[in-house]
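Numbering (the working numbering), first residue to last: 19 to 197.
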Ligand code: BTN
């Protein structure tokens, strides 16, 4: 399974996701989903830990969230999974695996491709799944929901850029998508 050192890295990334949840969210008037910084932690987790350990780190975050208010706005996991933002949170679980799949299949060649892999997995995947759930939850037309989610793209793209730059600096000590 995982070594103690790897499990420490998993716990460190879960801690980072939780810390980023303390930063206040920015509410949007037209949809019941705020702009947050916590998804930067999810992106970094995928980048730094890869598929298996990254998924474990996100699962750990969700499990801790059952007992403690670790989400932005001091929310816990169960109410979030029953609310309008559940789609984004479910998609969080797949970010490390999706990123890792792309990284291992041609996207590791240079920093631009790594950023593109993170954009596809950590931005487009999350925002698309989130928008589909939001449409179902609010009974808003899917097109309207997808269009309203475009508001997240600039900020999420900047988060993906920041995460990529951080991983370029620290990848030797952290990134290992093979396990
Ligand atoms: C929660 O209820 O805490 C989850 C909020 C999810 C917000 C999503 S994540 C992707 C997109 N980018 C943002 O800044 N906000 C939404």
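Even glycine gets a Cβ: it sits at the ideal position worked out from N, Cα and C. Remember, predicted model here, so these are calculated numbers, not experimental data.
Would you kindly work out how many angstroms separate the C-alpha atoms of residue 29 and residue 86, rounded to a whole number? Position 11 of the chain shown, counted from the start, is the residue given in the question as residue 29. Position 68 of the chain shown, counted from the start, is the residue given in the question as residue 86. Taking the straight line joining both Cα atoms gives about 16 Å.
Closer than 8 Å: residue 93 CB and nearest the ligand BTN heavy atom: In the chain shown, counting from the first residue as 1, residue 93 sits at position 75. It does: the Cβ of residue 93 is within 8 Å (strictly closer) of some heavy atom of the ligand BTN.
Closer than 8 Å: is that where the CB of residue 145 sits relative to any heavy atom of the ligand BTN? Numbered from its first residue, the chain shown carries residue 145 at position 127. Yes; taking the cut-off as 8 Å, the Cβ of residue 145 has a heavy atom of the ligand BTN nearer than that.
When the Cα of residue 109 is compared with those of 181, 189, 76, 170, which residue comes out closest? The sequence position of residue 109 within the chain shown is 91, counting from 1. The option with the nearest alpha carbon to residue 109 is 76.
Should residue 154 be counted as a contact of the ligand BTN given a C-beta to heavy atom distance under 8 Å? Locating residue 154 in the chain shown gives position 136, counting from the first residue. Because no heavy atom of the ligand BTN lies under 8 Å away, the Cβ of residue 154 does not count as near it: no.
What does DSSP give as the partner residue(s) for residue 44 in the beta ladder? Here residue 44 corresponds to residue number 26 of the chain shown, with the count starting at 1. Its beta-bridge partners are 53.
Out of 166, 99, 142, 33, state which residue places its alpha-carbon closest to the alpha-carbon of residue 153. Taking the first residue of the chain shown as position 1, residue 153 is located at position 135. The shortest Cα separation from residue 153 among 166, 99, 142, 33 belongs to 166.
Status (buried if at least 16 other CB within 10 Å, exposed otherwise) for residue 137: Here residue 137 is taken as the residue at index 119 of the chain shown, counted from 1. Classification of residue 137: buried, given that the 10 Å Cβ count is 16 or more.
How about residue 178 and residue 141: are their beta carbons less than 9 Å apart? Here residue 178 corresponds to residue number 160 of the chain shown, with the count starting at 1. Here residue 141 corresponds to residue number 123 of the chain shown, with the count starting at 1. Yes, they are a contact pair.
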